[in-house]
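Engineer: One structure coming up, written as structure tokens, with questions to follow.
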Amino acid sequence: MDQFVMENKREEESLDSKYMKGVRHLCDSGVTRLPTKYILPVPDRPASTSPKGWANSPRDDQRKPSLHLPIIDLSELRQDSNRRSNNHVLRSLAEACEEHGFFQVVNHGVPAEVLRSMVDVSRRFFELPFEERARHMSSDIFAPVRCGTSLNQRTDRVFCWRDFLKLSCHPLPRTLPHWPSSPPDLRQVAVSYAQQTRSLFLVLMGAILETLGVEDCKPMMEEFQEGTQMVVMNFFPACPEPDLTLGMPPHSDYGFLTLVFQDGVRGLQIQHRGDWVTVEPATADSIVVNVGDHLEIFSNGKYKSALHRVVVNSAKPRISLASFHSLPAATVVSPAPHLVDAHNPRRYLDTDFAAFLAHLSSNETKGKSFLDSRKLHACPS
Ligand SMILES: O=C(O)CCC(=O)C(=O)O
Ligand SMILES: [Fe+2]
1 MDQFVMENKR EEESLDSKYM KGVRHLCDSG VTRLPTKYIL PVPDRPASTS
51 PKGWANSPRD DQRKPSLHLP IIDLSELRQD SNRRSNNHVL RSLAEACEEH
101 GFFQVVNHGV PAEVLRSMVD VSRRFFELPF EERARHMSSD IFAPVRCGTS
151 LNQRTDRVFC WRDFLKLSCH PLPRTLPHWP SSPPDLRQVA VSYAQQTRSL
201 FLVLMGAILE TLGVEDCKPM MEEFQEGTQM VVMNFFPACP EPDLTLGMPP
251 HSDYGFLTLV FQDGVRGLQI QHRGDWVTVE PATADSIVVN VGDHLEIFSN
301 GKYKSALHRV VVNSAKPRIS LASFHSLPAA TVVSPAPHLV DAHNPRRYLD
351 TDFAAFLAHL SSNETKGKSF LDSRKLHACP S
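Residue numbers (the UniProt record's numbering): 1 to 381.
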């Protein structure tokens, strides 16, 4: 390697390691322009991907389409538990999963205090000095606790404007020695958040199995009791040039369901009839739920694992809390046999969590690339 190439490579590596420290760190260093590392090619920028020409730029709030997702009131589901097959809540749930792959839940039973404490402790975590957060930084996607940046910092060519803390919350060891001990209440708040969102997931999953006509839900619900849960605190600092980058690029989530709580600052967008539309929270405490790849596979394509992304803005930092749920890591997910017949041939290969991790470690995560890798190509998409 000649001198010039080596110097360039060295510079690239040191630049990269600077960006590996995350966007919060970059903001602290006083950036006023977006570094090249975060600048997306023109067609991938927030305003450029709307076929109807609607401005999706964070600055064009009035013209930007927004979407009121179907609202599922869980108190109605509980009241009507013995007449569920007629329950209109189950019908709304099925429609939402088919049409959008997204819905919001209200009266969901997760105490408002638990939601707010978790947002608050997340904010305090990302406000910690860099050295404190750095103790948990790792680019090892298998680490059970991991503080990192972008989507996949090992493979992303362009970084996104996001830092995160990932906590593997189920199965949960009895002691949590590796979890951050600062802020001092993080462990207790995060455990309570994880337990509450997990209970909500189990209620929703039971209802969704019913909507799919699973005759005996018990064995599968027992598996879900043992399933995996990953809680991710996402932090999107205010961005100097939000039109040039994204908080998260278009992606789908891997598991059965993801439960997302947002701190009141908008940013989540989903693709709806060809447009990127911003999700309007139904209430301050509503939780957004989306279908993940595993549920799309299990439902043999009936329920959609929808593409979504996050836009950032120049005015306010944003926090979102995402809880990812699936079956135990080693369990193979396949299309439910009763949803496969001559009219609906099997559309997906079997998969498991390990296959997803292997995919993540070897690919740039773009769009629905994992799900695409599980599709049987002879079948319609
Ligand atoms: O920030 C959000 O609202 C969504 C986050 C998300 O899509 C994710 O963590 O996978
Ligand atoms: Fe997501």
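Glycine included, every Cβ here is placed at the ideal spot set by N, Cα and C.
Source: prediction; values computed, not measured.
Using the Cα positions of Gly30 and Pro129, report the straight-line distance between them to the nearest angstrom.
Structural biologist: Counting from one through the sequence shown, the residue named residue 30 turns up at place 30. Counting from one through the sequence shown, the residue named residue 129 turns up at place 129. One C-alpha to the other measures close to 15 Å.
Engineer: When the Cβ atoms of the region 157 to 166 are set against those of the region 241 to 256, are three or more pairs found closer than 8 Å?
Structural biologist: Short answer: they touch.
Engineer: Classify Gly213 as buried or exposed, calling it buried when 16 or more other Cβ atoms lie within 10 Å of its own Cβ.
Structural biologist: As a working note, residue 213 is residue 213 in the sequence shown. So Gly213 counts as exposed.
Engineer: For ligand 1, any of its heavy atoms closer than 8 Å to the Cβ of Leu268?
Structural biologist: Taking the first residue of the sequence shown as position 1, residue 268 is located at position 268. For ligand 1, at least one heavy atom lies less than 8 Å from the Cβ of Leu268.
Engineer: Could you spell out where the beta strand (DSSP E) holding Gln269 opens and where it closes?
Structural biologist: The count along the sequence shown starts at 1 and reaches residue 269 at position 269. 268 to 272 is the span of the beta strand (DSSP E), which, as asked, contains Gln269.
Engineer: Just to confirm the assignment, what range does the beta strand (DSSP E) spanning Ser320 have?
Structural biologist: The residue labelled residue 320 in the question sits at position 320 within the sequence shown. That run of the beta strand (DSSP E) goes 318 to 326.
Engineer: Here's the rule I'm using: 16 or more other beta-carbon atoms within 10 Å means buried, otherwise exposed. How should Lys302 be labelled?
Structural biologist: Translated into the one-based positions of the sequence shown, residue 302 becomes position 302. Result: buried.
Engineer: Per DSSP, which residues does Phe261 bridge with? Please list them.
Structural biologist: Position 261 of the sequence shown holds residue 261. Beta-bridge pairing links Phe261 to Leu321.
Engineer: Exposed or buried, Asp263, counting other C-beta atoms within 10 Å across all chains shown (16 or more means buried)?
Structural biologist: The residue labelled residue 263 in the question sits at position 263 within the sequence shown. Asp263 is buried by the Cβ-count criterion.
Engineer: Roughly how many whole angstroms lie between the Cα atoms of Ile72 and Lys18?
Structural biologist: Translated into the one-based positions of the sequence shown, residue 72 becomes position 72. Translated into the one-based positions of the sequence shown, residue 18 becomes position 18. Ile72 and Lys18: Cα-Cα distance of roughly 44 Å.
Engineer: Taking the beta carbon of His170 as the centre, do at least 16 other beta carbons fall within 10 Å, making it buried, or is it exposed?
Structural biologist: For this step, residue 170 is matched to residue 170 along the sequence shown. Buried, since its Cβ has 16 or more Cβ neighbours within 10 Å.
Engineer: Just how far apart, CA to CA, sit Asn56 and Ala322?
Structural biologist: Numbered from 1 along the sequence shown, position 56 holds the residue referred to as residue 56. Numbered from 1 along the sequence shown, position 322 holds the residue referred to as residue 322. Low local confidence applies: a pLDDT of 42 at Asn56 is under 50, so the model's placement there is unreliable, and no value is given.
Engineer: Between the region 331 to 344 and the region 262 to 281, can you find at least three pairs of beta-carbon atoms closer than 8 Å?
Structural biologist: Cβ pair count under 8 Å is below three, so no.
Engineer: Taking 8 Å as the cut-off, is the C-beta of Ser252 nearer than that to any heavy atom in ligand 2?
Structural biologist: Within the sequence shown, the letter at position 252 stands for residue 252. It does: the Cβ of Ser252 is within 8 Å (strictly closer) of some heavy atom of ligand 2.
Engineer: Counting C-beta neighbours from all protein chains within 10 Å, is the total for His108 16 or more, i.e. buried, or is it exposed?
Structural biologist: Translated into the one-based positions of the sequence shown, residue 108 becomes position 108. Buried.
Engineer: Quick one: using the 10 Å Cβ neighbour count with 16 as the cut-off for buried, is Val310 buried or exposed?
Structural biologist: Taking the sequence shown and counting its residues from 1, the one referred to as residue 310 is at position 310. Counting Cβ neighbours within 10 Å, Val310 comes out buried, since at least 16 surround it.
Engineer: Nearest to Ser320 by alpha carbon, out of Cys97, Ile287, Leu93?
Structural biologist: Start at 1 with the first residue of the sequence shown, and residue 320 comes out as number 320. Closest by alpha carbon: Ile287.
Engineer: Based on the DSSP secondary-structure assignment, which residues constitute the bridge partners of Asp163?
Structural biologist: The residue labelled residue 163 in the question sits at position 163 within the sequence shown. Looking at the DSSP assignment, Asp163 forms a beta bridge with Thr149, Phe235.
Engineer: Using a Cβ-Cβ cutoff of less than 8 Å, which residues in the same chain neighbour Arg187 once the five nearest sequence positions on both sides are dropped?
Structural biologist: Mapped onto the sequence shown, residue 187 falls at position 187. So the qualifying residues of the chain are Leu176, Trp179, Pro180, Ser181.
Engineer: Could you check whether Leu349 and Arg374 sit closer than 9 Å to each other, using their CB atoms as the reference points?
Structural biologist: For the purposes of this step, residue 374 is identified with residue 374 of the sequence shown, where counting begins at 1. For the purposes of this step, residue 349 is identified with residue 349 of the sequence shown, where counting begins at 1. Yes. Within cutoff.
Engineer: According to DSSP, which residues form a beta bridge with Asp73?
Structural biologist: Numbered from its first residue, the sequence shown carries residue 73 at position 73. In DSSP, Asp73 forms a bridge with Val106.
Engineer: How is the beta strand (DSSP E) around residue 382 delimited, first residue to last?
Structural biologist: Given that the chain is displayed from residue 1 to residue 381, the structure contains no residue 382 and the question cannot be resolved.
Engineer: Report all residues from its chain with a CB closer than 8 Å to the CB of Pro111; omit the five preceding and five following residues, and keep chain order.
Structural biologist: One-based indexing of the sequence shown puts residue 111 at position 111. Within the same chain, Pro111 has close Cβ partners Gln196.
Engineer: Note down the Cα distance separating Asp216 from Ala207, rounded to an integer number of angstroms.
Structural biologist: What you label residue 216 is simply residue 216 of the sequence shown in a count that begins at 1. What you label residue 207 is simply residue 207 of the sequence shown in a count that begins at 1. Spanning the two alpha carbons is a distance of roughly 12 Å.
Engineer: What do you reckon, is the C-beta of Thr149 under 8 Å from a heavy atom of ligand 2?
Structural biologist: Counting from one through the sequence shown, the residue named residue 149 turns up at place 149. No, the beta carbon of Thr149 sits no closer than 8 Å to any heavy atom of ligand 2.
Engineer: Report all residues from its chain with a CB closer than 8 Å to the CB of Leu244; omit the five preceding and five following residues, and keep chain order.
Structural biologist: For the purposes of this step, residue 244 is taken as residue 244 along the sequence shown, with counting starting at 1. Excluding sequence neighbours, Leu244 sits near Leu34, Tyr38, Ile39, Leu40, Arg45.
Engineer: DSSP three-state call for Leu371: helix, strand or coil?
Structural biologist: For the purposes of this step, residue 371 is taken as the residue at position 371 of the sequence shown. Helix at Leu371.
Engineer: Does the Cβ-Cβ distance between Ser326 and Tyr254 come in under 9 Å?
Structural biologist: If you number the sequence shown from 1, residue 326 lands on position 326. If you number the sequence shown from 1, residue 254 lands on position 254. Cβ atoms of Ser326 and Tyr254: closer than 9 Å.
Engineer: CB of Met248 to nearest heavy atom of ligand 2: below 8 Å?
Structural biologist: Translated into positions along the sequence shown, residue 248 becomes position 248. Checking every heavy atom of ligand 2 against the Cβ of Met248, one is found closer than 8 Å.
Engineer: Rounded to a whole number of angstroms, what is the C-alpha to C-alpha distance between Arg146 and Lys166?
Structural biologist: Mapped onto the sequence shown, residue 146 falls at position 146. Mapped onto the sequence shown, residue 166 falls at position 166. If I take the Cα positions, the gap works out to 5 Å.
Engineer: Rank His88, Asn234, Leu69 by C-alpha distance to the C-alpha of Val23 and give the top, closest one.
Structural biologist: Stepping through the sequence shown from its first residue, residue 23 is reached at position 23. Nearest C-alpha to Val23: Asn234.
Engineer: Does the Cβ-Cβ distance between Ala306 and His100 come in under 9 Å?
Structural biologist: Position 306 of the sequence shown, counted from the first residue, corresponds to residue 306. Position 100 of the sequence shown, counted from the first residue, corresponds to residue 100. It is a contact, given that the beta carbons lie within the stated cut-off.
Engineer: Where does the unbroken beta strand (DSSP E) through Arg309 begin, and where does it stop?
Structural biologist: For this step, residue 309 is matched to residue 309 along the sequence shown. Here the beta strand (DSSP E) through Arg309 covers 308 to 310.
Engineer: Buried or exposed for Asn300, going by 16 or more other Cβ atoms inside 10 Å?
Structural biologist: As a first step, residue 300 is located in the sequence shown; it is residue number 300 there, counting from the start. With 16 or more other Cβ atoms within 10 Å, it is buried.
Engineer: Could you tell me which of Pro173, Ser361, His308 sits nearest to Gly267, measuring between CA atoms?
Structural biologist: Start at 1 with the first residue of the sequence shown, and residue 267 comes out as number 267. It is His308.
Engineer: When we look at the beta-carbon of Thr211 and count the other beta-carbons within 10 Å, is it buried (16 or more) or exposed?
Structural biologist: Residue 211 sits at position 211 when you count from the first residue of the sequence shown. So Thr211 ends up on the buried side.
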